[in-house]
Amino acid sequence: MNAVSRSGPSIRFRGRSFMAMTLVADVPLQQWLADFDVWLERSPGFFTGRTVVLDMVGTAASKAEVERWIGELATRGVRLIGLEGIRPSMVDASMPPLLRGGRDATLNISDEPVAVPEPPRKTAEPAEPVNLVVEQRVRSGQSIVCLEGDVTIVGSVGAGAEIIAGGSIHVYGALAGRAIAGATFGAKARIFCTKMEAELIAVDGIYRTAEDIDASLRGRAVRVWTEDEALRLAAL
């Protein structure tokens, strides 16, 4: 009797990198949560649909404490894809996995990687901000993050795309996606674009959605800044 060899279904595996925001935990927990709640009030929906890793270095001494952190963030709409900085014994199969080997990044475009400038090393003197220039259109679903300084886009930002900058954002084209400035440098940041079509804009955690942008500014060159705890827009 001849053995018959049958080939099974082909299973393919591919390596792929995705950007995750790292949320750095701090103690005491209740004070950190109180500060986090204030930030969420000013930045509603910021974590919606985001991949988030929780860095817990020095903040948890037991599995129960880790579970509490996860639960508190879950009630605030933050879904974690991984944990860092704790012992393997503190994690079980019901929790996000323990991750190792993550690297800091200032930029990630989902399907067209662009060179990432090395962040400045910490010195006794304040570091000079990074000024990131992207000379291409940012398409729907793509995200650019540079928390060390300004972001300049030489081209348009499509609907569904997102720019997050520690400093200011400059868009030499239509801004139809989301622009979030001042994530690090706060109220000093600005947003400039040559054609305002944004879904959402924010400076220093103060947001405004498309519905709240004056119709007379749509399609025009606009600057955005904060003043007296409010977001201001004006035509250029």
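Numbered according to our numbering, the sequence shown spans residues 771 to 1006. Glycine residues also receive a C-beta, built at the ideal position from the N, C-alpha and C atoms. Since the model is a prediction, treat every value here as computed from it, not as a measurement.
**Q.** In DSSP terms, what residue 978 is bridged to
**A.** 971
Q | Environment of residue 845 [buried if 16+ CB atoms lie within 10 Å] | A | exposed
Q) Among residues of its own chain, excluding the 5 on either side of residue 796, which ones have a beta-carbon nearer than 7 Å to its beta-carbon? A) 802 and 829
Q: Could you work out which residue in 811, 945, 950 and 962 is closest to residue 929 when comparing CA atoms only?
A: 945
Q) Taking the C-alpha atoms as reference points, what is the distance between residue 859 and residue 840? A) Near 16 Å, if we compare the C-alpha coordinates of residue 840 and residue 859.
Q. Using CA coordinates, which residue listed in 909, 912, 913 and 918 is at the minimum distance from residue 902?
A. It is 918.
Q | residue 958 vs residue 989 beta-carbon contact at 7 Å | A | no
Q: Kindly indicate which three-state DSSP category residue 842 falls into: helix, strand or coil?
A: helix
Q) When the Cα atoms are used, what is the spatial distance from residue 821 to residue 912? A) Cα to Cα, residue 821 sits roughly 14 Å from residue 912.
Q.
If you reduce the DSSP assignment to three classes, tell me which class residue 932 lands in.
A. strand
Q: Express the C-alpha separation of residue 857 and residue 983 in angstroms, rounding to a whole number.
A: 47 Å
Q. Would a C-beta distance cut-off of 7 Å place residue 938 and residue 907 closer than the cut-off?
A. no
Q. With a Cβ-Cβ cutoff of 7 Å, do residue 994 and residue 971 count as a contact?
A. yes
Q) Excluding five sequence neighbours on each side, which residues of the same chain lie with their C-beta closer than 6 Å to the C-beta of residue 948? A) 932, 969 and 970
Q) CB residue 936 to CB residue 925, shorter than 7 Å? A) no
Q) Are residue 855 and residue 867 closer than 7 Å when you measure CB to CB? A) no
Q. With 7 Å set as the bound, which would you pick, yes or no: does the beta-carbon of residue 919 sit closer than that to a beta-carbon of chain B?
A. Looking at the structure shown, chain B is missing, and only one protein chain is on hand.
Q: Select from 922, 794 and 916 the residue whose C-alpha is nearest the C-alpha of residue 934.
A: By alpha-carbon distance to residue 934, the top candidate from 922, 794 and 916 is 916.
Q. By how many angstroms is the C-alpha of residue 904 removed from the C-alpha of residue 922?
A. 6 Å
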